[in-house]
Structure formats: structure tokens, C-alpha cells
Amino acid sequence: MQIANVIFLEAPAGVGYSYDPSGSNSTDDYNATEDNYRAVLEFFDNFPQFRQNDFYVTGESYAGVFVPLLAQRLLDQPHGINLKGYAIGNGAVDFELHGKAIMFFGYYHGLFGDDLWNEVTSNCCNGTVSKETCDFAWYTHDPACVDPVNIAYEIILGRGLNLYNLYVPCDIKTLPRELLSRRHPEITSQYATLQLLTKMLGLQTSDTVVDHNCYNQDNLLLYYNRRDVIEALHVEQSPHVWVPCSTILNFTQQHTTMREVVQQLAESGHLKGLIYHGDVDMACPFQGGEWFTRSLGYETTSQYKMWHVGPIIAGFVQTFANNITFVTVKGAGHMVPMDKAQESLVMISNFLSNRPF
């Protein structure tokens, strides 16, 4: 079943095959957005026959920042591009909310018991346990809060659990030590996610937090550095060896929440938005996505209900005013299409085709 054409952007410049001709590897949210915007304009200049097609901006993880910013740029100056909406998967749309959600996710998925949870909440939640009253950031508290929070985050991030999917074994340590993914964890995507989480959570970077990697990405390394693949993709001019995660990029994060940007998109009156989450991701937990969606301030237009693929429960869905849909995908982690391909196809098909879940 084919429902759309896809343009893949490796962004920002400095990741994958993408590069800055000036040789600079320093960029930020703003410059990455401008580069992405110019790339989209250039694509449609080169292929004007597609300009009138419906166009959606989609992405996952830190694209929770890039997607809204690019959609906002296209909304402000569309240049004839027929922007219809945006989809954000397990996105880093609000660092504060996701930081809190990670702790709640850990407790309610049995990663630590009542004794530790009670110590955390009695010292960090101002008398009431809720996302509004709890503050788990290390640098804002006295030791009574910092110490149990330290223990809890170390369990979540530093004991070998799979950050991207709680229920997928982190078994790379059973594989040969010669694997690049074992010898150089710093080039893997999970390493970058852990680095981002240390910033999101206000943690001190430490070996216990950043050394774990659960995925063997050697096949990706071998494939994307094959000469025939490079020639087929027409990226011969790239000076980079392709790696899953760039080690040369000097990136400055400028946004901690996308709330105002998504509100602008939603209130434009003609864009629809999909915010979806695999429900066993610990990097950007579904609770953070749901809290973010509700923080936009729009009335619900449906009950929170199950959705199905055939007779099988695929997850849960709720719709909101201003064409916002929040979806969970049952049993999926951070990379939803990798874990649940059929459910992902049905989900995006429903969204693009305006079919109810």
C-alpha cells in the first residue's frame, strides 16, 4: 500500500552525509530550521510537478523541535508549498514535561519500588504528587531530593535497560567486542539520546549514564559507506564517513518547549497535527507527550479510547480541538515504525486520509 512519497532530510548539516561547505560544524535550532526550509524550497524548485501535492512535515525524537519549527517557517512563507499538517513521533517537544514523565514512567513500570518512590516524592513534590508539583531536576534541590532522584535516574539510565524500548533486551554485550557499536558507542544514536537526557534532566554527565548502548548498528555503517550506495544516493561530494550519530557536530539547543510554536500551527486554522508515541519508550515517554498535548489548552473532541488494526488493539487515541490528534502505539518504543510497522502504516494512513481511528 502506497499512500505518500517521502523526502528524507539528514539534518542538521554535519550529520549523516550532510555537511556545511564552509567546514563549520557548529549550528543550532534556528540555523538548522533555515537549512531545512531552504532544502524544501530547492526540492520544489527542482521538481515543480510536485508543488501542488499535499505536504506534511514529520519526524521523531529531536525532530520534535525541528518539525514544528520547519512547519512554522513554511506557514509564514509557503512559496506555493501546499502545507497540510505535521506529525511528531516520540518527540522532544517539552524538556521539563518529559523529564518528569521519565520518573513517573519508571515507577509505574516497576523499575523501582515504593520505598524509593516515597523518598523521591516526599522530598521533591511539595506535598502533592503530580506533574505540576514534582520537580526532579538535580540542580534545584537540597540533598534530600537529589540523592533519591540520583538513584532512580541511575536505575533508569545506567543499569543496562533499553532506553528506547523497555521490553526489548539490551543484549549487545553478548555480541563480539570487535563490533564498532561496542568499541565506539559514541557514534550510536542511543549515546546521543543519553547525552540529551542528561541535559533535559539537569544531570551531571557521568560514565554510568552515557556508556550504555543497546543496538548493533554496524550493518548501517557498512551499508551507507558502500561506494555503490553512495553513488546511488548521489552524495559522492560528502566529506563525511556516514555514522548513525555525528561526533563532529557542535550543536546548540535553543528551545526547551514547542508549546507556543505548536499552538501557532494549530490556530492557523488549516493544519492538522498528529502527536504519537510508542508507549514503552523511556527516552520520550508517552506521558510527556500526552501532558504536552493537553498543555496546549484545547478542548477534547473525543474520549480517550482504543484504536485497532483489524481485531487487534493497536493503542489509544484522543482528539482535540484545532485538529490535534494524540495517539499511542501499544508495545512500540522510541522508533515506532521499527517496532510496529503495520500499526504505524495504519496510523499515518488514517492521519493523512482523515479516517477516524
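First residue of the sequence shown: 0, per numbering that gives the first Met the number 0; consecutive thereafter. From the three backbone atoms N, C-alpha and C, an ideal C-beta is built for every residue, glycine too.
Tell me whether residue i is buried or exposed, calling it buried when 16 or more other Cβ atoms sit within 10 Å of its Cβ.
i, result
"PRO168", "exposed"
"ALA257", "Checking the displayed sequence, the identity of residue 257 turns out to be Met instead of Ala. Counting Cβ neighbours within 10 Å, MET257 comes out buried, since at least 16 surround it."
"ASN224", "exposed"
"ASP113", "exposed"
"ASP141", "exposed"
"GLY277", "buried"
"THR132", "exposed"
"ILE155", "buried"
Going by DSSP, name the residue or residues bridged to residue i.
i, result
"ASN24", "None; ASN24 has no bridge partner."
"GLY374", "Lying before the first or after the last residue shown, residue 374 is absent from the chain, which here runs from 0 to 356."
"GLY309", "Per DSSP, none; premise fails for GLY309."
"VAL316", "LYS304, VAL326"
"LEU96", "Bridge partners of LEU96: none, in fact."
"ASP53", "ASN81"
Please classify residue i: does DSSP put it in a helix, a strand, or coil?
i, result
"GLU59", "strand"
"MET257", "coil"
"LEU200", "coil"
"PHE46", "coil"
"HIS276", "strand"
"THR251", "strand"
"ALA403", "What is shown of the chain runs 0 to 356, which leaves residue 403 out entirely."
"ALA143", "helix"
Alpha carbon to alpha carbon, how far is residue j from residue i? Give it in angstroms, no decimals.
i, j, result
"GLU235", "ALA340", "31 Å"
"GLY287", "ALA12", "28 Å"
"VAL5", "ASP146", "47 Å"
"GLN317", "MET346", "13 Å"
"CYS144", "LEU82", "46 Å"
"LEU8", "GLN189", "20 Å"
"VAL208", "MET102", "Legend: pLDDT at VAL208 = 44, less than 50; position of this residue unreliable, value from coordinates given subsequently. Between VAL208 and MET102, the C-alpha separation is close to 15 Å."
"PRO67", "ALA91", "11 Å"
"PHE319", "VAL228", "43 Å"
"ILE2", "PHE135", "43 Å"
"THR255", "PHE65", "12 Å"
"GLN252", "CYS283", "17 Å"
"ASN249", "SER301", "43 Å"
- Three or more C-beta pairs closer than 8 Å, one from the stretch 270 to 279 and one from the stretch 45 to 53: is that the case here? no
- Task: Inspect the CB distances between the stretch 35 to 45 and the stretch 69 to 81 and report whether three or more fall short of 8 Å.
- Result: yes
- Specify whether the stretch 58 to 65 and the stretch 331 to 338 touch according to this definition: at least 3 beta carbon pairs, one from each stretch, less than 8 Å apart. yes
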